[in-house]
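Below you'll find the structure, written out as structure tokens, and then a few comments.
Protein chains: 4
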Amino acid sequence: MIGYAFMGAAHSVGWRSVHRAFDVPLAPEMRLLVGRDPAAVGTAAERLGWQETATDWREVLTRPDIDLVDICTPGDSHAEIAIAALAAGKHVLCEKPLANTVDEARAMVAAADAAPDRVAMVGFNYRRLPAMALARRMIAAGEVGTVRHVRAVYLQDWIVDPEFPLVWRLRKDKAGSGALGDIGAHIVDLTQYLLGETIESVTALTETFVRDRPLPGDAGSAGLASSSGSGRGEVTVDDAALFLARFAGGAVGTFEATRFATGRKNALRIEINGSDGSLAFDVEALNELWFYDGRRPASGEGFRRILVTEPDHPYLDGWWPPGHGLGYEHSFVHEIRDLVEAVAAGTPASPGFADGLQVQQVLEAVGTSAATAAWQKVVGA
Amino acid sequence: MIGYAFMGAAHSVGWRSVHRAFDVPLAPEMRLLVGRDPAAVGTAAERLGWQETATDWREVLTRPDIDLVDICTPGDSHAEIAIAALAAGKHVLCEKPLANTVDEARAMVAAADAAPDRVAMVGFNYRRLPAMALARRMIAAGEVGTVRHVRAVYLQDWIVDPEFPLVWRLRKDKAGSGALGDIGAHIVDLTQYLLGETIESVTALTETFVRDRPLPGDAGSAGLASSSGSGRGEVTVDDAALFLARFAGGAVGTFEATRFATGRKNALRIEINGSDGSLAFDVEALNELWFYDGRRPASGEGFRRILVTEPDHPYLDGWWPPGHGLGYEHSFVHEIRDLVEAVAAGTPASPGFADGLQVQQVLEAVGTSAATAAWQKVVGA
Amino acid sequence: MIGYAFMGAAHSVGWRSVHRAFDVPLAPEMRLLVGRDPAAVGTAAERLGWQETATDWREVLTRPDIDLVDICTPGDSHAEIAIAALAAGKHVLCEKPLANTVDEARAMVAAADAAPDRVAMVGFNYRRLPAMALARRMIAAGEVGTVRHVRAVYLQDWIVDPEFPLVWRLRKDKAGSGALGDIGAHIVDLTQYLLGETIESVTALTETFVRDRPLPGDAGSAGLASSSGSGRGEVTVDDAALFLARFAGGAVGTFEATRFATGRKNALRIEINGSDGSLAFDVEALNELWFYDGRRPASGEGFRRILVTEPDHPYLDGWWPPGHGLGYEHSFVHEIRDLVEAVAAGTPASPGFADGLQVQQVLEAVGTSAATAAWQKVVGA
Amino acid sequence: MIGYAFMGAAHSVGWRSVHRAFDVPLAPEMRLLVGRDPAAVGTAAERLGWQETATDWREVLTRPDIDLVDICTPGDSHAEIAIAALAAGKHVLCEKPLANTVDEARAMVAAADAAPDRVAMVGFNYRRLPAMALARRMIAAGEVGTVRHVRAVYLQDWIVDPEFPLVWRLRKDKAGSGALGDIGAHIVDLTQYLLGETIESVTALTETFVRDRPLPGDAGSAGLASSSGSGRGEVTVDDAALFLARFAGGAVGTFEATRFATGRKNALRIEINGSDGSLAFDVEALNELWFYDGRRPASGEGFRRILVTEPDHPYLDGWWPPGHGLGYEHSFVHEIRDLVEAVAAGTPASPGFADGLQVQQVLEAVGTSAATAAWQKVVGA
């Protein structure tokens, strides 16, 4: 695994736990953790349960005992590592967004296509929340009929304070974009996954409410400082991205990704209205899926709160009795389960790199629409 | 109508509005409002829409143009007025609790029995909330199966402050009891109404957390002051009453009525669990009824929030389109509708005085159980 | 009052009740109800409490005993009636939307300007829900700081069934537009009212999911039938309207008005995120306002559910103790209260016709943006 | 660890994860898993991550490489194992309830007292949910003032179906009691923990709604069958237990534990009302704690939903950013953390065996009260 910050820790839970919860055909071995700082990566490896460490990610390419590379670095290094790993015959799990640009993502898809017997998966973990997988199953089974409306927001508030520092996620060169690529990517992927349809066109706006911020303490001597001359630097990404969308099947949608929704900590909320029913969901209450069955008489009907903890709900066979809820990190255990099964079966993983590219194309259309103040067709749609 | 405080104002809404919302066979005329203070009753009559006023309630007995007497006074005068009114050939609506003691209630039932062609109704208005009437209909139709559990609380917080004054509702001589008779009576009546079954036995405790309070400003020279000698008087009723109950049909219940539930303003909450389903309700969200259908597979089921605003819901034919909620006062419009229909049809009203007596007997059993620390059978059960 | 359907009934509640709940300087007299069908208007007048009836609305112009005209007709007749009434020296309350076109609305504002001593009010009743008035007060007091995000939806589902008939609200000639003018107008007005700021520009889409519908039974012989030849007619308005907006003060917003949100009966929902706090509201739970105070430590903070039933909440001095909720219709009582007070004081009412025009201009910009697939500046902004 | 069913799996998560999430002074080694069926225990050990297996629990007593014994068996074997383990110089974690009878529990406390340098902890895992630990911290800090009311239910529905088989949890000889000891024990422990006060007296009822059930399939040849002669056996424990309680500090409480609350899967709900504030919690939404601050003006106050996912919330330093919720199993990781820290520090663990005994004494008082229909003082209180 390359990288050991937030995502590295979350993926490690998946690698450690998958065979404890599920009957998987292969039990993972956590061989090598890579990071640039030797002391820090050593500490992380011990904490997270990795056997060895390295400071150069290229070491994974030549190790015959490593079958799979898990990329948890910032988006600007995804393409280089993933392409090299695939070329070296490794399976790859790449954290989302697949890349910082469509061009990089395209190259990654080409690399995956050139290694058809290798699994190349992109880590949209929220698909693996049981409530989302159940929603997908219900929509595919026709329980909401023809989808008319999609309403998706991803609301956070961690940078509302204008004195919050200029971390890498607020710099375009590292992160590619701001709320759009970080959390907007999730709601683009999730809604398309749920509907089984792609977004065809968008009209968008983006906004940066706080345009400069203090440089992080540990960056005092870095080149960054020169951009402000006063210990502050320019925020080069969006704080918020809003867009309207038309889906291929005729549904229309509103989307909003923001880090300025005071009080909303991790409110990924999706509501879908169809001709026969509706579904609603919020990651802040991730064990619940709300369903309205429009085929029944309205006098006895209402949005019902399905506790997604029954044994026949997706992924729940590995866990606890009804009502004993799961948490955020379980999405990674499920992601790894699906990945391991794909590796063992020699089948493509879903979402694959092509799905990651398509999400990137939607995000690019959003960015272009916001920059040009015009509707934008999604390339490839 | 006798009395014009909180309940008088609420009943007046019912009298003014019933024929505006519903096709009732008789349109009420609001003839006479009675109160002891001539100036105050005059102001109230003009505000509430009553044609004339009087200061002696006995005037209603001899007025041939008055067909019905609505009693909104404190509980200690209910019996005297109701019995006289029935004897004078008037229909009677008496605010709950029917009386302060079982003996008084018994005399009132006797008076009602002696006037079989007069309607004698007790004002348990919460039965007339559409959600409660719908719950009754669903339970009677078997939608929850055999009831196993009843969970009923009525939580308020208006006397949490120990400096809140010693108003009449905190004096046993005026109010009969405290939370028990004032709000506990509602949950006793409602749960018995919903189940169509009576409570057979109880074990209870009552508590008075704040045992003396400042005398109200306008009571300075009254006899009350003597009980404290310092501008404070003794609280002679319960602040809270809690009990367990067994119903005739085998269900068991927990009940709690309190004025010390900080932050709960008017939380009358009832949950009923049956062999085939469950219902839940809260007056603080009075347009909603929650239903769990246990006859369907658990994987697709959850408590559903029925917005009780559909045209085929009880009482909703008189009101607005779906989703346009009603308020607390509508319960009184519905109460008056049912009363007027009973008067026109010459049929008994429900709940009648016998129902009021039965509730009183349950409350008495609660009081006795609390005093004796022993299970108590409800007299008559 | 002209018109006696849904809005006519709702306004009548206001006229009947305002002086029963509040100390208003003038008690309204409900003189004349106007409708084209003499039998129907007679029945309605008796039901709703109006003294006389007429079949020609022009009768109100010449009646010296009529001081105020309340217009509850479809939007295509608002301008003609309002302009005539103002010219005849009457005060006017006009149901929203002010008119079906900006041109009509402009003429109405001119008429109001020409009668400066007459009150000309437009009926955006949701401003008068206590929770909305409280939200306005809190935002004005700075409790959310600088507003960053507005998230407003108005979701209904009454025409999801494709066999629901082609009623007047689905015809452009009568209604002007569909969801946009009927319910979208409310969220445009409410959000601008809450922020005290106008919308400056929009990008929009509209959609008509069901393009033809059965003609209503009673329209069999009307010209409408010719448009389908088969008992069906074309839907000439939008089923749904979605738009992004930029406010004058820098906030960005998403808006959605639809009649195709299966299971959402009357879900007017607004969330506002500011630099110091957030507010959230849903008409389906109209006695609640949710507030997050971002100025306090996050570890003890969360969205709090304020039950807007305290005596010091807006309009609550006229009603019941805490926790005894109000309903939809109370918004009309409050609207009439504010109107009567403006008439008595000789001050302009708010929202006045100019406010109605401005909302109309926003709606027009939305329509134009949807038609041209381009961002549109709001005229006058 | 002895036992590998539901609790065994849950404890294993704790043992595997504690040093991955937290800086603990000792990293556990998962040495030996004990179970009677050699094949099954082998499979379980591999799944759950234990190094070796044994079929006789006594093997743990003589293994010098085993420092701590974790007892996850049914309640009837707790005393024997725990006493032997303590005598053999092992630390002990014993799943709740501590024992099936007060006598056994007393013997266990004596054994713990005789081994003062050994940690003897009882596994009330719900104390370790961050929301519950935060509630405890807030109550101890005076944020709710003097506690007046406790309202605690633990509602499940897994045996509502009368054809659900007669598993060991429904047999008094194995389980000691039914809902009372299994889930009632949790709410007794939790409420006492939260208040820092004990229950002094109770009045109770218990009920068994379904009195016989099919014998489990694999018990065909067992002695059980003889009790029915027809493939059914008698249910010898309570389906539901309800009681009222008085706490040492003057608070009063209602308690209910049931397996017949149709639709409630794992609804452990607690509400506490104090003179200055209130708290409410539900395990079905375990990342939320609701708080009402009664010291602030009611007009701006309401129950606030604290998402207990902030870094300064209890146990949250080991996990994810705000809003990324935890699950049920995390309570066991936290339990093991506290246990490991106690072992390392040589300090007693909390809750210790004496706490387990005290809970058992409350449960016994409940059982006695239900049997005698009289208030019962808790022994030792």
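Protein chains in written order, with our numbering: chain A, 1 to 381; chain B, 382 to 762; chain C, 763 to 1143; chain D, 1144 to 1524.
Quick reminder that beta carbons are idealized off the backbone N, C-alpha and C, glycines included.
A quick note: this is a predicted structure, and the numbers were derived from the prediction, not measured.
Boundaries of the beta strand (DSSP E) in which residue i is found, first to last residue
| i | result |
| --- | --- |
| C/A882 | A882 to G885 |
| B/E410 | No beta strand (DSSP E) holds B/E410; DSSP gives it neither H nor E. |
| B/L547 | It is not in any beta strand (DSSP E) - B/L547 carries neither H nor E in the DSSP assignment. |
Cross-strand partners of residue i (DSSP beta bridge)
| i | result |
| --- | --- |
| C/C856 | C/I833 and C/V884 |
| A/Q376 | A/V202 |
| D/P1357 | D/R1375 |
| D/D1425 | D/R1412 |
Test: residue i CB closer than 8 Å to a CB of chain C
| i | result |
| --- | --- |
| A/L205 | yes |
| B/T749 | no |
| A/W375 | yes |
| D/E1427 | no |
| A/F281 | no |
| A/R211 | no |
Span of the alpha helix (DSSP H) around residue i
| i | result |
| --- | --- |
| C/T805 | P800 to L810 |
| C/F1053 | C/F1053 -> not in any alpha helix (DSSP H); beta strand (DSSP E) instead, spanning E1050 to D1055. |
| B/F387 | F387 to A402 |
| C/I945 | From DSSP, C/I945 is part of no alpha helix (DSSP H); its letter is neither H nor E. |
| A/T62 | E59 to T62 |
| C/A1144 | Since the first residue of chain C shown is 763 and the last is 1143, residue 1144 of chain C is not available in this structure. |
| D/V1252 | V1245 to D1256 |
| C/L917 | C/L917 -> not in any alpha helix (DSSP H); beta strand (DSSP E) instead, spanning V909 to L917. |
| D/A1276 | P1273 to A1283 |
| B/I447 | Looking at the DSSP string, B/I447 is not in any alpha helix (DSSP H), and its letter there is neither H nor E. |
Residue-level contact to chain B via CB, residue i, 8 Å cutoff
| i | result |
| --- | --- |
| A/L224 | For A/L224, the predicted structure reports a pLDDT of 43, less than 50, and the residue's modelled location is therefore unreliable. The matter cannot be settled from this model. |
| D/L1387 | yes |
| C/R782 | yes |
Residue-level contact to chain D via CB, residue i, 8 Å cutoff
| i | result |
| --- | --- |
| C/I1068 | yes |
| C/G1064 | yes |
| B/F628 | no |
| B/K541 | Residue identity differs from the one stated: residue 541 of chain B is Val in this sequence, not Lys. With 8 Å as the cut-off, B/V541 counts as an interface residue toward chain D. |
| A/R16 | yes |
| B/R532 | yes |
Neighbour flag for residue i against chain A, beta carbons, 8 Å
| i | result |
| --- | --- |
| B/A522 | no |
| D/L1191 | yes |
| D/S1370 | With a pLDDT of only 46 at D/S1370, under 50, the local geometry of the prediction cannot be trusted, and the value read off the model is given with reservation. Output row for D/S1370: interface = no. |
| C/G1036 | yes |
| C/G1039 | yes |
What are the complete beta strand (DSSP E) segments, minimum 3 residues, inside the segment 290-329 of chain A?
303-307
If you measure beta-carbon to beta-carbon, which residues of the segment 1069-1092 of chain C are closer than 8 Å to chain D?
L1069, E1072, D1074, H1075 and P1084
The segment 1266-1292 of chain D: positions lying closer than 7 Å to chain B by Cβ
R1291 and H1292
Short of 7 Å Cβ to Cβ, which residues in the segment 1428-1442 of chain D face chain B?
Y1435 and G1437
Which residues, taken in chain order from the segment 68-96 of chain A, show a beta carbon closer than 8 Å to some beta carbon of chain C?
none
Between the segment 632-650 of chain B and chain C, which residues of the former have CB atoms less than 8 Å from a CB of the latter, in chain order?
Result list: R645, K646, N647 and A648.
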